[in-house]
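FYI, my numbering numbers position 108 of the sequence shown as 108, with every residue one higher than the one before it.
Backbone N, C-alpha and C fix where the C-beta goes; we use that ideal spot for every residue, glycine too.
For reference, the structure is listed below as structure tokens.
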Amino acid sequence: MNILILGGGGREHSLAWAVMQNPKCDKLIVAPGNAGIAQIAECASLKIENGTAVVNFCEANAIDFVIIGPEAPLAAGVADRLRDAGFLVFGPSKAAARLEASKSFTKEICDAAGAPTASYGHFTDAQSAKAHVRSMGAPIVVKADGLAAGKGVIIAETVAEAEAAIDDMFGGAFGCAGAEVVIEEFMTGEEASFFVLCDGETALPIGTAQDHKRAGEGDTGPNTGGMGAYSPAPILTDAVAEKALQQIIRPTLREMARRGTPYTGVLYAGLMIENGAPRLVEYNARFGDPECQVLMMRLGGQVLDLLQAAAEGRLADCRVNWAEDHAMTVVMAASGYPGTYEKGSEIKGLDRCAEDSFHMVFHAGTAEDKGRIVAAGGRVLNVTSRGDSLKEAAERCYAMVDKIDWPEGVYRRDIGWRALT
Ligand code: AMP
Ligand code: GLY
């Protein structure tokens, strides 16, 4: 099977690493890829949000299966273009990817499906949004409706803060994403992520994870794309997962199918869990980054069979082989991230890290420069490990981190603290 993976971050490196282990994979191309991916697969430069370019590339390279990593090509309808051209694709249609691309759409689906989530109002002008905030009081959550690169959510501690956020959003601070605003009840509880493969009808859970969004230790400092993650998430017990499937995921799939826009791909449900009851915070239409890295570490080569079954509508016949293991990933970022940071610093010591089914350094933002590996992004490396316990996985991760010689890099030493203490 000739496979194309779209994307070039740590998520796609881990997908490529897992897919390569499956004997069904004859040839793997990743577009655009990165310096780490280039060590295991062919990398190609391709405009991955341009459906015509991707279809032409697949035809020219006899691709049998396309796996779409990031949300941008999904929101641009690349999966639709590929399916129309007869290619097998892992990833939802543009219409189904609205579960990530529009927060008010997700709320509408939750209403229709009876799925537990925060109560909300949806507004297209500042005045009525502010009136709603004043009647509800604080704390309250103000969200830009569209894709805002993870930055469009303000948890307002006071009514004044919420009003300022509303002015910012309608004032264009988040571009088109803020032309509509969703205002939500503030939910308390502990957050965890639930990953479920979907083929339009069947939902197959493939793991749980928790990530650390804040830049600093103790979960302090600015929000980032994620500084580390671990799987499984202890709070997301089998009983909570079963409730989430019954009350949230399956009703969502039924409602999407009823509307003629069935969901196929991975559904990443962000859940708020309190007293054993899950409520939906948000959906994403793709794997999380860096959550994907810990899931791939645990699942290995079977992932290709599972993604293919999802794309072919055969999940009802599939089973996941679990090893009862734990995985952790520690993100090493360029100093300054998520603010401004330098590119081009050299990373040494990677050759001292073992790479096997228990240890992997996935590359997120790296490039090769005259035989050296250099930093080329904010999040640069995802040092990932697996063990019989989370403690063992953490020890293996940090032993690898300590071997990496990159003075310009920063990372958190406390990934997994909530589950380890
Ligand atoms: P989202 O982009 O919707 O995932 O929101 C980003 C983060 O904001 C989430 O991961 C939560 O930590 C927090 N958040 C979003 N909505 C709520 C809510 N209604 N109540 C409490 N926290 C929330
Ligand atoms: N790590 C969070 C995300 O991928 O959205």
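- According to the DSSP secondary-structure assignment, residue 386 is paired through a beta bridge with 327.
- By the neighbour-count criterion, in which a residue is buried when 16 or more other Cβ atoms sit within 10 angstroms of its Cβ, residue 127 is exposed.
- The DSSP-derived three-state label of residue 180 is coil.
- The Cβ atoms of residue 34 and residue 367 sit closer than 8 angstroms to each other.
- For residue 27, the enclosing beta strand (DSSP E) starts and ends at 27–32.
- Taking C-beta separations shorter than 8 angstroms and ignoring five residues to either side along the sequence, the partners of residue 188 in its chain run 272 and 274, following chain order.
- Residue 338 has its CB no nearer than 7 angstroms to any heavy atom of the ligand GLY.
- Residue 105 carries a helical assignment under DSSP once its states are collapsed to helix, strand and coil.
- Ranked by Cα distance from residue 47, the first of 131, 268, 56 and 168 is 56.
- In chain order, 347 place their CB closer than 6 angstroms to the CB of residue 406, counting only its own chain and leaving out the 5 sequence neighbours on each side.
- Annotation: residue 79 to residue 68 spans about 8 angstroms, alpha carbon to alpha carbon.
- Counting the other Cβ atoms within 10 Å of the Cβ of residue 264 gives 16 or more, which makes it buried.
- The beta carbon of residue 93 is closer than 7 angstroms to those of 79, 80 and 261 in its chain, skipping five residues each way along the sequence.
- Closest in C-alpha terms to residue 301, from the list 25, 3, 244 and 8, comes 25.
- Boundaries of the alpha helix (DSSP H) harbouring residue 303: 302–312, taken from the DSSP string.
- Beta-bridge pairing by DSSP links residue 57 to no other residue.
- In the structure shown, residue 93 adopts coil according to DSSP, grouped into three states.
- Counting only runs of at least 4 residues, the segment 358–405 fully encloses the following alpha helix (DSSP H) elements, listed from N- to C-terminal order: 390–403.
- DSSP, read as helix, strand or coil, puts residue 251 in helix.
- Annotated as proximal: residue 297 and residue 384, with beta-carbon spacing under 8 angstroms.
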